[in-house]
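Asker: After the structure tokens below, expect a handful of questions from me.
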Amino acid sequence: MTPKAVFWDMDGTLVDSEPLHAAALASAMRSEGLVPPADLHERALGQTAAHIYAMMREEFGLTLPFPDWIERKYSHYLADLSGLRPRPGAIEIFREINARGIPQAVVSNSDRMVVDANLSAVGLLYPGMKTVSRNDVREGKPHAEPFLRAAWLVDVEPAEAAVVEDSVIGASAGLAAGMKAIFWPERPAMQGPDGAVTVNSADELRAALGLR
Numbered sequence: 001m002t003p004k005a006v007f008w009d010m011d012g013t014l015v016d017s018e019p020l021h022a023a024a025l026a027s028a029m030r031s032e033g034l035v036p037p038a039d040l041h042e043r044a045l046g047q048t049a050a051h052i053y054a055m056m057r058e059e060f061g062l063t064l065p066f067p068d069w070i071e072r073k074y075s076h077y078l079a080d081l082s083g084l085r086p087r088p089g090a091i092e093i094f095r096e097i098n099a100r101g102i103p104q105a106v107v108s109n110s111d112r113m114v115v116d117a118n119l120s121a122v123g124l125l126y127p128g129m130k131t132v133s134r135n136d137v138r139e140g141k142p143h144a145e146p147f148l149r150a151a152w153l154v155d156v157e158p159a160e161a162a163v164v165e166d167s168v169i170g171a172s173a174g175l176a177a178g179m180k181a182i183f184w185p186e187r188p189a190m191q192g193p194d195g196a197v198t199v200n201s202a203d204e205l206r207a208a209l210g211l212r
């Protein structure tokens, strides 16, 4: 059954930006004399900037104030988005859903400047588009608030909406909001949260969204 609204995560789900985020985070750490751990990408996946900052302070001894840390990280990230690409199959499905007149929104734990920059870089920012950034809510994922705000923006009941996410944190937020959570991980065989529908290809995603 096709949902009445579809809410997409951005980084790693619609846009293949996770490698760029990981590289920017590692560069910001090195600029402060810190050594990025081998599992930095996995540990940061889906997390808010505040959570990552707390990890930097507690585990790596970062002393830079939060505003300065964010500026440092985003200066690395936004320096060159020319290589940013959509995740294969994702934007095609997004546009197909739009063509069917089904409301959609992009719901991200990234800050507003990153949401707008990423979507613009891959040609997916258009007038009237609904987006929810970390700056638009009090609590980020895994809390339900970002997805509940998206449901309010498009005027649908949460239970009638589906969420597409590549992280356990994001899929858990969708489930907490009472929505159908579709877990589309970057790598096959990753385990999603209990209650989520796991897919491992764009074709499987289309089927889970009832587009066949």
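Just so you know, UniProt numbering puts 4 at position 4 of the sequence shown, and the rest follows in order with no gaps.
Even glycine gets a Cβ: it sits at the ideal position worked out from N, Cα and C.
With a floor of 3 residues, list each beta strand (DSSP E) that falls wholly inside the stretch 59-131, ordered by position along the chain.
Answerer: Listed in chain order, the complete beta strand (DSSP E) runs (minimum 3 residues) inside the stretch 59-131 are 104-107.
Asker: Please state if the CB of alanine 144 and the CB of alanine 173 are separated by a distance shorter than 9 Å.
Answerer: In the sequence shown, counting from the first residue as 1, residue 173 sits at position 173. In the sequence shown, counting from the first residue as 1, residue 144 sits at position 144. Closer than 9 Å, so yes.
Asker: Taking just the CA atoms, how far does valine 156 sit from leucine 125?
Answerer: If you number the sequence shown from 1, residue 125 lands on position 125. If you number the sequence shown from 1, residue 156 lands on position 156. Distance between the alpha carbons of leucine 125 and valine 156: 22 Å.
Asker: Quick one: grab the DSSP three-state call for aspartate 39.
Answerer: Start at 1 with the first residue of the sequence shown, and residue 39 comes out as number 39. Three-state DSSP puts aspartate 39 in coil, outside helix and strand.
Asker: Out of Arg134, Arg100, Met55 and Pro185, which has the shortest C-alpha to C-alpha gap to valine 6?
Answerer: As a position in the sequence shown, residue 6 is number 6, starting the count at 1. Of Arg134, Arg100, Met55 and Pro185, the residue nearest in Cα terms is Arg100.
Asker: Decide yes or no for the touch test of the stretch 41-52 against the stretch 189-209: beta carbon pairs closer than 8 Å, at least 3 of them.
Answerer: Verdict: no, contact absent.
Asker: In chain order, what residues of the same chain lie with their CB nearer than 8 Å to the CB of proline 36, ignoring the 5 residues before and after it?
Answerer: Taking the first residue of the sequence shown as position 1, residue 36 is located at position 36. The answer, listed in chain order, is Leu25, Ala26, Met29 and Arg30.
Asker: Just to check my reading of the structure: proline 86 and leucine 14 have Cβ atoms closer than 8 Å, yes? What is that Cβ distance to the nearest angstrom?
Answerer: The residue you call residue 86 lines up with position 86 of the sequence shown. The residue you call residue 14 lines up with position 14 of the sequence shown. The Cβ separation is near 6 Å, so the contact holds.
Asker: DSSP state of aspartate 136, grouped into three classes?
Answerer: Taking the sequence shown and counting its residues from 1, the one referred to as residue 136 is at position 136. Here aspartate 136 sits in helix by DSSP.
Asker: Please classify alanine 159 as buried or exposed, where buried requires at least 16 other C-beta atoms within 10 Å of its C-beta.
Answerer: Stepping through the sequence shown from its first residue, residue 159 is reached at position 159. Flag for alanine 159 reads exposed.
Asker: May I ask which residues mark the beginning and end of the beta strand (DSSP E) holding valine 163?
Answerer: The sequence position of residue 163 within the sequence shown is 163, counting from 1. It spans 161-165 - the beta strand (DSSP E) in which valine 163 sits, taken as one unbroken run.
Asker: List the endpoints of the continuous beta strand (DSSP E) containing tryptophan 152.
Answerer: By 1-based counting over the sequence shown, the position of residue 152 is 152. Premise fails: tryptophan 152 lies in the alpha helix (DSSP H), 145-154, not in any beta strand (DSSP E).
Asker: Find out if the Cβ-Cβ distance for the pair lysine 180, proline 19 is shorter than 9 Å.
Answerer: For the purposes of this step, residue 180 is identified with residue 180 of the sequence shown, where counting begins at 1. For the purposes of this step, residue 19 is identified with residue 19 of the sequence shown, where counting begins at 1. Against a cut-off of 9 Å, the Cβ pair of proline 19 and lysine 180 comes out as no contact.
Asker: Do you know offhand how far proline 142's Cα is from isoleucine 52's?
Answerer: Counting from one through the sequence shown, the residue named residue 142 turns up at place 142. Counting from one through the sequence shown, the residue named residue 52 turns up at place 52. Taking the straight line from one Cα to the other gives about 14 Å.
Asker: For asparagine 118, count neighbouring C-beta atoms within 10 Å of its own C-beta (all shown protein chains included) and say buried if the count is 16 or more, exposed if not.
Answerer: In the sequence shown, the residue the question calls residue 118 occupies position 118. Classification of asparagine 118: buried, given that the 10 Å Cβ count is 16 or more.
Asker: Could you tell me the alpha carbon to alpha carbon distance between alanine 79 and methionine 1, rounded to whole angstroms?
Answerer: Taking the sequence shown and counting its residues from 1, the one referred to as residue 79 is at position 79. Taking the sequence shown and counting its residues from 1, the one referred to as residue 1 is at position 1. Roughly 42 Å separates the two Cα atoms.
Asker: What is the DSSP secondary structure of alanine 173, counted as helix, strand or coil?
Answerer: In the sequence shown, counting from the first residue as 1, residue 173 sits at position 173. It is helical.
Asker: Applying the 10 Å Cβ sphere with the 16-neighbour rule, what's the burial state of threonine 48?
Answerer: What you label residue 48 is simply residue 48 of the sequence shown in a count that begins at 1. Buried.
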